[in-house]
Amino acid sequence: MAQKKQNPHKGMKKIKEGQPSTLLPWIETGRSQKYDCGWFSVDRHDRKSQLSKASHDFYLVHTKDWVNVVPVLDDGRIVFVRQYRQAAQKFGLEVPAGVIEGNENSLEAG
Numbered sequence: 033m034a035q036k037k038q039n040p041h042k043g044m045k046k047i048k049e050g051q052p053s054t055l056l057p058w059i060e061t062g063r064s065q066k067y068d069c070g071w072f073s074v075d076r077h078d079r080k081s082q083l084s085k086a087s088h089d090f091y092l093v094h095t096k097d098w099v100n101v102v103p104v105l106d107d108g109r110i111v112f113v114r115q116y117r118q119a120a121q122k123f124g125l126e127v128p129a130g131v132i133e134g135n136e137n138s139l140e141a142g
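Under the numbering used here, the residue at position 38 of the sequence shown is numbered 70, and the numbers go up by one with no gaps.
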């Protein structure tokens, strides 16, 4: 049976309009990498609210740096490339783009 997710705000006092609030950062209690395919990775961060004392997992996606190039022709037209995207399972038009590799800077990569 699936576990019911807790409301991270349960037990917190409601703030009335115009009343100052006390905001505190969540405390990290752990972290682990869940996936890495070379293009991106997913990390799980375990955090605890200092206000409600509730603990929750948060997932962060880290990607490599990349550039998008917007080529504008002399007559003002913009060049697009037709690219197949697996998630959408169809072709689309987009500006040329690519991952920045090694010691390239964004101008060299573009």
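Each residue gets a CB set at the ideal place from its N, CA and C atoms; glycine is no exception.
Per DSSP, the beta bridge partners of residue 95 are 72. With respect to residue 98, residue 120 sits apart: the two C-beta atoms are not nearer than 7 Å. Distance from the CA of residue 77 to the CA of residue 85, rounded to the nearest whole angstrom, comes to 16 Å. Counting along the chain, residue 120 sits inside no beta strand (DSSP E), nor does DSSP assign it H or E at all. The shortest C-alpha to C-alpha distance from residue 127 to any of 140, 113 and 117 is the one to 113. Residues of the same chain with a CB within less than 8 Å of the CB of residue 63, apart from the 5 flanking positions on each side, are 75, 76, 77 and 78 in chain order. Per DSSP, residue 86 lies in no beta strand (DSSP E) segment and is marked neither H nor E. Going by DSSP, residue 105 is part of no alpha helix (DSSP H) at all; its letter is neither H nor E.
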